[in-house]
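The block underneath contains the structure these notes are about, expressed in structure tokens.
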Amino acid sequence: MKKNLQESFTELLSQLFHLDEPSLDIGIYRIIRQRRDALRQFIQRDLLNYIYHQLATPSEHDPEVRAVFNHLVRFFNRYFHEGEFIPLHRFGKQQHYIIPYNGEEIYFYWVNRNQYYIKSSPIFYTYRFVFNSMEVQFLITEAETSIGNTKASERRLFFPAVPSWEITDERIQFFFEYRAPLSREKKVDGKKVTQKILNELLLQRFERYLEEKNSNLSHWDRAELIPELSHHLSRFTRANERDYFIHRNLKDFLLQELDFYLKSEVLGLEDITSMKSREWERLLQQARIIHEVATKIIDFLHQLEEYQKRLWEKRKYVLSTEVVISLKTLKERGGDVFWKEVLREVKTNSQQIKEWQQFFGFPEPPESLEEFAYLLKQSPWNTLPLDTSFFQEEFKNRLFSQLTARTPLTELLDGVLIHSENWTALNSILPLFENRIKSIYIDPPFNKDKEADYLYKVGYKDSTWLTMLENRIELARQSLRDDGCIFVRCDYNGTMYVRFLLDSLFGKDNFRNEIIVNRTLAKQSVDTQFTIRTETLYLYARSESFKPFPVERPIPPRWYPLLHFPRKDERPREILGNLYYPPRNRRWALSQEKIDRLIARGKVRINMERTYVDCFGKTVKGMPELLYDTETVGNEWLDIPGYAQRHHFATENAEALLRRVIESSSQPGEWVMDFFLGSGTTVATAHKLQRKWVGIEMGDHFFTVILPRMKKVLWGDPGKFSKEVGWTGGGCFIYHTLEQFEDTLENIDTEALPEQHQSIKNFITSYMLPWTTRRSKSLLPTHVFQDPFNFFITPYRKTKSQTQLVDLVFTTAYWGGIDIGHIEHLIHNERRYTILTGERYGEYILVILRPLSELDYTSDARFIEECIQKYRPTRTYVNGDCGVEGVANLEGLLKSVQFPVNSSQI
1 MKKNLQESFT ELLSQLFHLD EPSLDIGIYR IIRQRRDALR QFIQRDLLNY
51 IYHQLATPSE HDPEVRAVFN HLVRFFNRYF HEGEFIPLHR FGKQQHYIIP
101 YNGEEIYFYW VNRNQYYIKS SPIFYTYRFV FNSMEVQFLI TEAETSIGNT
151 KASERRLFFP AVPSWEITDE RIQFFFEYRA PLSREKKVDG KKVTQKILNE
201 LLLQRFERYL EEKNSNLSHW DRAELIPELS HHLSRFTRAN ERDYFIHRNL
251 KDFLLQELDF YLKSEVLGLE DITSMKSREW ERLLQQARII HEVATKIIDF
301 LHQLEEYQKR LWEKRKYVLS TEVVISLKTL KERGGDVFWK EVLREVKTNS
351 QQIKEWQQFF GFPEPPESLE EFAYLLKQSP WNTLPLDTSF FQEEFKNRLF
401 SQLTARTPLT ELLDGVLIHS ENWTALNSIL PLFENRIKSI YIDPPFNKDK
451 EADYLYKVGY KDSTWLTMLE NRIELARQSL RDDGCIFVRC DYNGTMYVRF
501 LLDSLFGKDN FRNEIIVNRT LAKQSVDTQF TIRTETLYLY ARSESFKPFP
551 VERPIPPRWY PLLHFPRKDE RPREILGNLY YPPRNRRWAL SQEKIDRLIA
601 RGKVRINMER TYVDCFGKTV KGMPELLYDT ETVGNEWLDI PGYAQRHHFA
651 TENAEALLRR VIESSSQPGE WVMDFFLGSG TTVATAHKLQ RKWVGIEMGD
701 HFFTVILPRM KKVLWGDPGK FSKEVGWTGG GCFIYHTLEQ FEDTLENIDT
751 EALPEQHQSI KNFITSYMLP WTTRRSKSLL PTHVFQDPFN FFITPYRKTK
801 SQTQLVDLVF TTAYWGGIDI GHIEHLIHNE RRYTILTGER YGEYILVILR
851 PLSELDYTSD ARFIEECIQK YRPTRTYVNG DCGVEGVANL EGLLKSVQFP
901 VNSSQI
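The sequence shown runs 1 to 906 under the numbering used here.
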């Protein structure tokens with residue numbers, strides 16, 4: 001049956017407001033589901049009544065009513081496809097597109113500009129909906145996802161796992177494996193396997209199961225359940241093949257588009273000269289009503305988008321913190337007394353011993369502690385890496401206290417590894433690393449023509465890729481020092497886009513070089529084109545303050561006279577103990593200072609087989625000569641490999657390449673960053689070159705490739721490059737796992753909506769979401785500070801544990817921009833206290849955390865005053881109330897920095 005325009009209008013709004021998914025129980029959908037009645041009332045009563053009242057007619061068949069509904073449906077359908085927003089600027093009756101433009105000579109634009117690319121994992125690991133008060137879940141038990149910059153040539157599909165489902169009185173769970181098909185699975189009944197076929201086969205099996213078990217499952221209506229399962233299964237598998245975006249300013253965009261639409265499509269201003277006044281008045285009234293109704297709808301869409309944007313921009317909690325430290329460094333920095341405690345702990349820790357044996361060939365430990373201690377003094381075991389993840393929390397706390405008692409943590413740490421989606425990580429650590437990084441290197445996923453690294457929706461492959469890069473580089477730029485720089489590696493699929501993008505982010509004046517690097521040294525034969533052997537490395541400076549350090553490479557050695565171009569200059573040089581005047585009408589090539597440096601390097605000699613006549617006409621036996629055995633590297637780096645295969649990672653960058661990048665752009669002790677870390681070459685090379693480093697990666701290979709690799713670096717990593725730079729092991733780094741956007745959505749809690757609030761003007765369209773979720777765990781509610789050591793959230797990707805403890809100490813450090821000096825965990829009056837000190841924007845900060853339940857405020861105040869006397873901070877923060885004058889509230893600090901300064905308010 002054909003729908004009338006009113007039905008089309010209400011159905012469209014149900015889709016835009018996500019009311020067409022009343023059973024979905026994940027993320028923003030769960031909130032909408034709980035407010036479904038109020039939203040339906042807004043759509044089906046308030047908006048419709050407004051339209052009919054303004055037009056003074058109760059009939060949906062009235063031409064004016066039909067025109068209003070038609071325009072509203074047409075307008076919003078322009079920008080939403082299957083519930084997804086597509087930001088295409090339109091103009092005119094023929095729907096010609098326009099680009100927002102302010103008269104620049106060259107303007108770089110793409111369709112998803114001004115949006116956030118938010119897909120932080122390739123699949124939903126959990127998908128939930130409710131059917132007849134019964135929860136139904138789709139769960140991923142095994143996922144074969146891409147790592148690095150490669151993508152399998154075969155498309156991955158969702159195959160039912162074994163078992164395929166599990167049924168209890170409260171829940172149905174379906175289990176899937178996300179992988180490429182096996183050889184025997186590539187065809188079904190002679191047809192190529194597709195996700196649709198797999199879904200249909202699963203539902204057929206499940207329906208047969210229900211028929212066989214009908215006596216036990218009689219309270220389920222199969223006629224309703226199977227179609228519902230089919231709908232959600234299709235949505236589950238389809239959603240995992242899409243990219244997702246959040247518009248940064250949806251309201252302004254839609255209002256601008258509405259203005260164009262009203263002028264061109266409703267009022268028809270091009271026909272105004274031939275329009276009668278009555279017709280003009282009718283169209284003006286129609287345009288006013290359309291504007292009013294559309295604005296109300298836009299307000300709610302804006303609320304939805306701004307709310308998700310706010311949650312995306314929220315700095316994320318640190319969920320776990322572990323330290324990896326070389327035994328050599330631990331003994332040096334922790335002292336002899338603590339070292340004895342470490343020996344006792346390690347000797348009885350079977351997990352740590354097992355890892356040493358697996359990675360490094362460590363022998364079975366001897367029985368006595370003395371023999372064990374002697375063994376760990378010997379090479380190569382004296383540099384073994386200790387990982388605190390294998391130890392109890394109490395030992396980790398003592399380790400932090402002991403190490404930072406002697407050396408500030410910021411000096412002790414050589415690097416930071418972060419397991420997280422990279423925009424999330426960059427945003428969360430920015431307060432601490434703003435203007436700190438000297439050099440950034442990234443090798444992002446290439447947008448390959450036939451093997452895209454992402455599954456792109458509606459054909460905007462290049463646009464999605466550009467948005468992903470722009471979001472992250474824009475944020476990373478803020479972490480660079482004024483004299484810092486960024487290297488971006490790219491192949492021919494994206495070089496033209498990346499150059500424009502980097503020009504727009506850093507400015508054309510800050511372009512430094514287009515460096516040519518090797519793609520592969522393998523011999524290839526291609527019939528239709530020349531073999532592609534190189535890729536591009538773009539170098540951009542943060543500002544004009546950046547100056548690269550010259551890098552030399554070897555060339556065949558040759559000796560040349562130490563002479564410059566003909567020009568009279570009679571000043572002599574002292575060379576190897578004798579004074580030499582230059583030949584007549586010539587000059588020496590180098591200053592005395594440079595000659596002295598070259599003599600020290602063995603690059604100057606006196607060739608006694610040659611003679612010359614000096615500027616005074618005297619014949620001199622022996623010509624000063626300079627050895628040319630190196631040349632300064634330019635923008636052609638084809639003398640070194642671009643990729644390596646040491647760690648079985650398809651796009652592992654070569655250490656030789658990263659050495660050149662790092663040595664040309666930083667000095668020892670300065671910070672280097674890579675937020676597309678891949679196999680970890682950047683941080684491994686930086687560590688060996690005595691740079692400090694930050695590495696960010698989201699894949700599971702963080703734990704299977706990167707972390708083991710960095711442990712081997714601390715051990716000494718005996719390889720060619722380590723020998724070249726004299727690396728023998730040692731050091732310390734920290735690694736974190738961060739809360740992700742999916743975790744944030746999972747921990748949004750809603751409150752009941754008081755009846756009186758619904759009568760407040762524009763409450764539903766503008767304030768409902770932020771008001772009803774303001775006490776959610778995701779948004780750092782005040783009550784978590786009652787016991788800061790027991791703040792748990794529910795992880796989206798659940799493991800054996802259904803909850804995850806939040807590390808508020810390092811969350812405070814990163815959000816607050818506190819450069820940690822000392823961390824101490826202690827007990828006072830049978831109450832746990834954690835002391836954190838550090839630098840923040842030129843001030844010395846003291847942070848004190850403790851549980852507040854049954855707190856003796858008098859004793860607590862005395863202890864805090866003792867800490868203030870001991871550490872003498874510029875400013876002190878504590879959680880909760882405190883009886884000490886001048887002490888600031890930690891909740892206030894963290895609430896003020898939880899969102900970026902320019903983030904929208906909710």
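Built from N, CA and C at the ideal position, the CB exists for glycine as well.
Look at D856 here: in three-state DSSP terms it is coil, with no helix or strand label. Around the beta-carbon of V337, fewer than 16 other beta-carbon atoms lie within 10 Å, marking it exposed.
Here D819 is near T410, since their CB atoms are less than 8 Å apart. Membership of K438 in the beta strand (DSSP E) is indicated by the continuous run I437 to I442. Per DSSP, the beta-bridge partners of Q804 are I793. Counting only unbroken stretches of 3 or more residues, the beta strand (DSSP E) elements lying wholly within the stretch 493-524 are 511-518, in sequence order. Annotation: E11 to S164 spans about 35 Å, alpha carbon to alpha carbon.
A straight line joining the alpha-carbon of E7 with that of V318 spans about 47 Å. For H736, the closest of D787, S420, Y127 and N607 by C-alpha to C-alpha distance is S420. For the beta strand (DSSP E) assignment, the uninterrupted runs of no fewer than 3 residues enclosed by the stretch 546-586 are, from N- to C-terminal side, 552-561, 573-575 and 578-580. In its chain, beyond the 5 residues on either side, L430 and E434 have a beta carbon closer than 7 Å to the beta carbon of Q478. Around the CB of M608, fewer than 16 other CB atoms lie within 10 Å, so the residue is classed as exposed. By the criterion of at least three beta-carbon pairs nearer than 8 Å, the stretch 880-895 is in contact with the stretch 782-794.
Counting C-beta pairs closer than 8 Å gives three or more between the stretch 569-576 and the stretch 591-605, which meets the contact rule.
Looking at the DSSP output, R128 bridges to Q137. A straight-line Cα-Cα distance of about 14 Å links D62 and N49.
Burial state of R709 is buried, judged by a 10 Å Cβ sphere holding 16 or more other Cβ atoms.
The beta carbon of L13 sits closer than 7 Å to those of I43 and I297, all from its chain and outside the five residues before and after it, given in chain order.
Under DSSP, M623 takes part in a beta bridge, and its partners are N607. Counting every other CB atom within 10 Å of its CB across the protein chains shown gives N77 a total below 16, marking it as exposed. Between Y307 and P668, the CB-CB gap reaches or exceeds 8 Å.
Taking the Cα positions, F80 is about 22 Å away from L311. Annotation for K692: the continuous beta strand (DSSP E) segment containing it runs K692 to E697. About 4 Å separates the beta carbon of T685 from that of L658, a gap short enough to meet the 8 Å contact definition.
In the structure shown, the three-state DSSP call for G415 is strand. Linking K331 to W339 through their CA atoms gives a straight-line distance of about 6 Å. Contact between the stretch 472-487 and the stretch 532-542 is present: 3 or more CB-CB pairs across the two stretches fall below 8 Å.
Within the stretch 231-266, complete beta strand (DSSP E) segments of at least 3 residues are found at 245-247, given in chain order. By the Cβ rule, the stretch 350-361 counts as touching the stretch 381-391, because three or more pairs are nearer than 8 Å.
DSSP places R171 in the strand class (E or B) of the three-state scheme.
With 16 or more neighbouring CB atoms inside 10 Å of its own CB, M623 falls in the buried class. Our two residues, N4 and A67, have alpha carbons roughly 12 Å apart in a direct line.
Residue state for P385 is assigned as strand, using DSSP reduced to three classes. For G821, the enclosing beta strand (DSSP E) stretches over residues D819 to H828. Looking at the DSSP output, T630 sits in a beta bridge with P554.
For D299, the enclosing alpha helix (DSSP H) stretches over residues S277 to E313.
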